[in-house]
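I have placed the structure first, in the form of C-alpha cells, so that the comments after it can refer back to it.
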Amino acid sequence: MTLAAGTKLGPYEILSPLGAGGMGEVYRARDTRLGREVAVKVLPELTAGSAEALARFEREAQAVAALSHPNILAIHDFGREGGVAYCVMELLEGESLRERLGASAIPPRKAVEYAQQIARGLAAAHDRGIVHRDLKPDNVFLTRDGLVKILDFGLARPAGETASSGSGPQASLTASGTVVGTPGYMSPEQIRGKPVDQRSDLFALGAILYEMLTGQRAFQRGNPVETMMAVLQDDPPLPAGRGVPAELSDIVTHSLEKSPEDRFQSARDLAFALQVGERESSSPKAAVSGASAGPAPAHEASIAVLPFRNMSAGADAEYFSDGMTEEIINALAGIDALRVAARTSAFAFKGKDTDIRQIGRDLGVRTVLEGSVRQAGQRLRITAQLIDVSNGYHLWSERYDREMQDVFAVQDEISLAIAAALKVRLLPAQEESLVSPGTRDIEAYNLYLKGRYFFNQRASQKAIAEFEAAIARDPRFAAAYTGVADSYGTFGFYGGISTLEASAKARAAARKAQELEPDSAEVHLALGIYDHYYGWDMEREERHLRRSIELAPRSAAGYSWLACQLSPVLRTDEALEIGRRGVDLEPLSANVHVNAAWPHYFAGRYGEAVAGFRKAVHVDPAGVYGLFALGMACQADGRHEEATAVFEKLVVLTSREMPWALALYGGSLASAGRRAEAQELLAELERLSRREYVPPLHVALVHVQLGDTESALASLGMALEERNAFFWGLTRSSPVFELLRPDARFEALVAGIRPE
3 MTLAAGTKLG PYEILSPLGA GGMGEVYRAR DTRLGREVAV KVLPELTAGS AEALARFERE
63 AQAVAALSHP NILAIHDFGR EGGVAYCVME LLEGESLRER LGASAIPPRK AVEYAQQIAR
123 GLAAAHDRGI VHRDLKPDNV FLTRDGLVKI LDFGLARPAG ETASSGSGPQ ASLTASGTVV
183 GTPGYMSPEQ IRGKPVDQRS DLFALGAILY EMLTGQRAFQ RGNPVETMMA VLQDDPPLPA
243 GRGVPAELSD IVTHSLEKSP EDRFQSARDL AFALQVGERE SSSPKAAVSG ASAGPAPAHE
303 ASIAVLPFRN MSAGADAEYF SDGMTEEIIN ALAGIDALRV AARTSAFAFK GKDTDIRQIG
363 RDLGVRTVLE GSVRQAGQRL RITAQLIDVS NGYHLWSERY DREMQDVFAV QDEISLAIAA
423 ALKVRLLPAQ EESLVSPGTR DIEAYNLYLK GRYFFNQRAS QKAIAEFEAA IARDPRFAAA
483 YTGVADSYGT FGFYGGISTL EASAKARAAA RKAQELEPDS AEVHLALGIY DHYYGWDMER
543 EERHLRRSIE LAPRSAAGYS WLACQLSPVL RTDEALEIGR RGVDLEPLSA NVHVNAAWPH
603 YFAGRYGEAV AGFRKAVHVD PAGVYGLFAL GMACQADGRH EEATAVFEKL VVLTSREMPW
663 ALALYGGSLA SAGRRAEAQE LLAELERLSR REYVPPLHVA LVHVQLGDTE SALASLGMAL
723 EERNAFFWGL TRSSPVFELL RPDARFEALV AGIRPE
C-alpha cells in the first residue's frame, strides 16, 4: 500500500515517500499540531494482516521510544488509523551509511568515529535489554551535522530470545516480507537459530567497521546461503593487510570471532577499545612504525626476553640478573613495531629447561633472547643471544665486559642490537637510547632492583626497605616511590601492619610519584591500586586505571586491575572483557588470570569463577593470590571441603604468619562444620594480634561463619573505622557476609563506606 500525498494518519499529513524496507514504508509528513516535519513509518500492506508482524512493529516502536540517546533514532508517537499501523520518528537529513559506502572506503579516523557512535547507541539499547539483531549499513544514518543514528529496531528482541522460530540457515532468510536478519551481518549464533544477546550486535558492528575500513564486505559471496556459510566457517582477510592500522585490525578481528565468548562482551568495551586504538594508530609513533617501507608487521616481529641467568658467586645477586631482564623488556616494549612478551609470562620459564620451540608457541613469539649476568665487585660480564624459535639458530649474540657504572649503556646496546637484528623501525629519539632508568645514581638503581625483586616475592617489608633506601639516595626517583606505594598496598591488605598506617604511607608515596612523573602509566596504576585498597573512591580509581591503560596499552597490569575494580560494582560483562585483554597480554600470569575471573565470582557464577581461578593455580600452584581466590569461590559454591583443603595449603605456604590466610582457613572450617577447629584458628588469630596488627575484617570472616552475628558486626564496625583494605568490596558484593545482609546494622555499616 502506497500512501498518497495529503493522506492523514491521525494528526500527521503525508507529504512524500522517503523509502521502504522489510519492516515498513517511510514517508515525510507534517505534524499538524506542532507544525514540524517528521518521518512516519507504516507497516507494509503485505504483512498488515499478520499478528506476528504487527506485534514486531509495535515492539520496535515501544523499544525505541523507551530509549533516549543521540545515536538512536527518536520515536515520537505510535498509532493506528483505518487499519494502518504507524509510528512517528524524527526526520533526518543526510545519507545512510550504505549510501556513503557506495562512494569509497572511509578513512580510518572517520570510520572509528562512526563506529564509536554506533557502539554508544548500542550500549544504551543493551542497557535496557534490547538487542537490534539487524544492524547493517542500511540501518545506520549519517546526519548532516555529524551524528550517527541507528535505525530500524524492527527485529529487536530481549536478549536471550532465539533468532527465529525455526533453526538453521534457511530459517534466517528473508521470507514473506518478514526480515529476521541480513546475511553477511548476522552473527554465527543468529544464523544457527540459537539465542542471541548483545554480542550478536557487536559482531554486526565488526562487519560494518571492516566494510568502512576496506570498502569491501567481510563475508560477501555469490548468494545468501554461501554468505552465511562464510560467516560460519571463514575469516575475512586481515584489514591490516589493506593499509588499516594494526590496532584497528585487531579490534575488527576480535569483534568477528565465531564464538560470542571470544568477542568483546559489551558495547562499552568495544567503544573503549576503539578510543584506545584510535589514539594508538594516530600517534606520531604509530605513524612512523606503520610506514610501508622497512620492517615486517608487528605481529611478525616478536620476542620473549627470558630471565637472564645469575652467574655471580652468590645467589643474593639474582636480583640484579632479574632486574637486567626487566629493564631490557621495558626498553623493547617501547618499540611500536615489536611485540614483546610481558614480564610475568616470560619469567614463568625461569629455572626450567623448556624447549625453545615450546616457549615460542606458549608465548606466541618468533624469537627469544636469553643471556647471563656475572657480577664481581664493580665488574660486569653480560652475555646475550637472540634465537629464532622455528629452527633454534642464533640470529645475534654478544658479550659485554663493563663496569657497573656502564649498566645503562649495556642495556641500551643490547636493546638496540635486537632492534637492528629484527629490522624493526625506531623513532628518531629511540635511535640512540631505548632505556629510561629514572635515575642516574647507580647505587639508587641497585637498591631499586632489590626492591622490585623482593616485591615480586611478596616480601613487602624487605621491598619497602630497599625502595626507601633508593629514595634516600635519589629523592626524585619516581619509580622507587611507586614501589613503596605498591608494597604498602599489599602489606596492608594481607595483614601485619595497620591499614591506617599502610594507607597513609601508600598515599604519600603515590602522590609524590605523581608529582615527579604525572604522565607515567606506573604512577597512575599505583594511584588506582591505592584507591582500590584504601581510598574507596571507585570513580577516581577507574580514571587512574584507564589512564594507565592509555599510557601503556600493551601492559596487562592496567587491564587486570580494572577488571578487578569493576567486578564488585557488578559491571560484569565489561569486567570480563577487560580481564580477557589482560590475559591476552599476560597468558602466563597467575594474578592476571585471577582478576579475569573475579567478575564471575561477584556476579554469583561460582562454578565459572572456580574454573577461572583453577587456571591461575595451574599457572602458579604456589601462588598465594590464586589459592585465596579459588578457596573463596569454592566456599561460595558450597564446596566446603575443597575450600578448606585450598585454604589449608595457603596457611602452610605462608608459614601460618599471614592473618588473611588464617582467617580464611578458620572461616572455611566453620562452614564445613568443623567448629572446634575454627574456634582454635580464631584463638590463634587473637594470639597473633598481640604481636602484630590483625585487621578486624579478617577476624569477622571467622565470626560470621561461626554464626556469631554480634562479634562479626563488632569486628566489621572496627574494620570500617580503620578502613581495612578492600572492606568496601567484600561487604558490598561478596557472598561471604550474606547471612548479615538482613540485619539493619550491617546495612548501616555498608552505607557508611565513603571515599576518603
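Heads up: the sequence shown begins at 3 in the numbering used here, then just goes up one per residue.
From the three backbone atoms N, C-alpha and C, an ideal C-beta is built for every residue, glycine too.
Can you check which of these residues, A504, D710, T646, is closest to E1 by C-alpha distance? Look at the range of the chain in this structure, 3 to 758, and you will see that residue 1 is not part of it.
Would you decide whether R363 is buried or exposed? Buried here means 16 or more other CB atoms lie within 10 Å of its CB. So R363 counts as exposed.
Starting from S304, trace the beta strand (DSSP E) both ways and give me its first and last residue. Per DSSP, S304 belongs to the beta strand (DSSP E) from 304-307.
Alpha carbon of F630 to alpha carbon of V648, nearest angstrom: A straight line joining the alpha-carbon of F630 with that of V648 spans about 8 Å.
Whose C-beta lies closer than 7 Å to the C-beta of L708 among residues of the same chain, with five residues either side of it excluded? So the qualifying residues of the chain are A672, R677, A680.
Once you ignore the five residues that flank P570 on each side, which residues in its own chain have a CB closer than 7 Å to its CB? So the list reads F604, G731, R734, S735, once near-sequence residues are dropped.
Between D357, A685, V412, which lies nearest to P765 when the distance is taken from Cα to Cα? In the structure displayed, the chain extends from 3 to 758; residue 765 sits before or after that span and is not available.
The beta strand (DSSP E) enclosing M660, as first and last residue numbers: Counting along the chain, M660 falls outside any beta strand (DSSP E), and DSSP gives it neither H nor E.
Taking only the alpha-carbon atoms, compute the straight-line gap between L103 and G217 and give it to the nearest angstrom. Here the alpha carbons of G217 and L103 stand approximately 7 Å from one another.
Own chain residues within Cβ distance below 7 Å of L69, not counting five before or after: Taking C-beta separations shorter than 7 Å and ignoring five residues to either side along the sequence, the partners of L69 in its chain run A126, A127, R130, following chain order.
Short check: CB of E97 to CB of G12, under 8 Å? Their beta carbons are not under 8 Å apart, which means E97 does not touch G12 by this criterion.
Let's see if you can read the secondary structure: which residues bound the beta strand (DSSP E) around W538? No beta strand (DSSP E) holds W538; DSSP gives it neither H nor E.
In the structure shown, what three-state DSSP assignment does L527 receive? Three-state DSSP puts L527 in a helix.
Count Cβ pairs between the region 400-416 and the region 372-387 that sit closer than 8 Å; are there 3 or more? The region 400-416, when compared against the region 372-387, does touch it at the 8 Å Cβ threshold.
For N312, which beta-bridge partners are listed by DSSP? Beta-bridge pairing links N312 to V375.
DSSP three-state call for Y29: helix, strand or coil? In the structure shown, Y29 falls within a strand segment according to DSSP collapsed to helix, strand and coil.
Could you check how far apart the C-beta atoms of Y447 and T501 are, in whole angstroms? I think they sit under 8 Å. Taking 8 Å as the upper bound for CB-CB distance, Y447 and T501 are not in contact here, some 31 Å apart.
In this structure, how does DSSP classify S251 when only helix, strand and coil are distinguished? Note: S251 maps to helix in three-state DSSP.
If we ignore side chains and look at the alpha-carbon of each, how far apart do H546 and H534 end up? Taking the CA atoms as reference points, H546 sits about 11 Å from H534.
Figure out for me which residue from A523, A554, L568, V626 has the closest Cα to the Cα of W538. Nearest C-alpha to W538 among A523, A554, L568, V626: L568.
Given this structure, state the Cα-to-Cα distance separating A761 from P439, to the nearest angstrom. The chain is shown from 3 up to 758; residue 761 falls before or after that span and cannot be answered.
Could you say which of G336, A510, S323 lies nearest to L553 if we only look at CA atoms? Here the closest residue by C-alpha is G336.
Have a look at I473, E400, E610 and flag the residue whose alpha-carbon is nearest the alpha-carbon of I444. Among I473, E400, E610, the Cα nearest to that of I444 is on I473.
Please report the residue range of the beta strand (DSSP E) in which Y402 lies. Counting along the chain, the beta strand (DSSP E) containing Y402 begins and ends at 396-405.
Using only the alpha-carbon positions, how far apart do V233 and M188 sit? Cα to Cα, the separation comes out at about 8 Å.
Output the distance between the C-alpha atoms of T9 and P19, rounded to the nearest integer angstrom. If I take the Cα positions, the gap works out to 12 Å.
Measuring CA to CA, which of P226, D488, G186, N597 is closest to Y212? The shortest Cα separation from Y212 among P226, D488, G186, N597 belongs to G186.
Using 10 angstroms around the beta-carbon of L157, count the other beta-carbons present and answer buried if the total reaches 16, otherwise exposed. For L157, the predicted structure reports a pLDDT of 45, less than 50, and the residue's modelled location is therefore unreliable. The matter cannot be settled from this model.
Per the contact definition of three or more C-beta pairs closer than 8 Å, is the region 465-483 in contact with the region 329-345? Using a Cβ-Cβ distance cut-off of 8 Å, the region 329-345 and the region 465-483 are not in contact, since fewer than three pairs of beta carbons, one from each stretch, lie closer than that value.
Near R146, which residues of its chain fall below 8 Å by C-beta distance, leaving aside the five closest residues on each side in sequence? Closer than 8 Å at the Cβ level, and outside the excluded window around R146, lie E95, G96.
Within 8 Å, strictly: CB atoms of P110 and I210: Against a cut-off of 8 Å, the Cβ pair of I210 and P110 comes out as no contact.
For L388, which of helix, strand or coil comes out of DSSP? Looking at L388 - three-state DSSP - the assignment turns out to be strand.
If we call anything under 8 Å between Cβ atoms a contact, is L683 one with V654? No.
T356 burial status per 10 Å Cβ neighbour count (16 or more: buried): Label assigned to T356: exposed.
Counting only runs of 4+ residues fully inside the region 586-630, write out the alpha helix (DSSP H) ranges in chain order. Runs found: 592-604, 608-621.
Under three-state DSSP, which class holds A300? The predicted position of A300 is uncertain, since its pLDDT is 32 and thus under 50; a value taken from the coordinates is nonetheless stated next. If DSSP states are grouped into helix, strand and coil, A300 belongs with coil.
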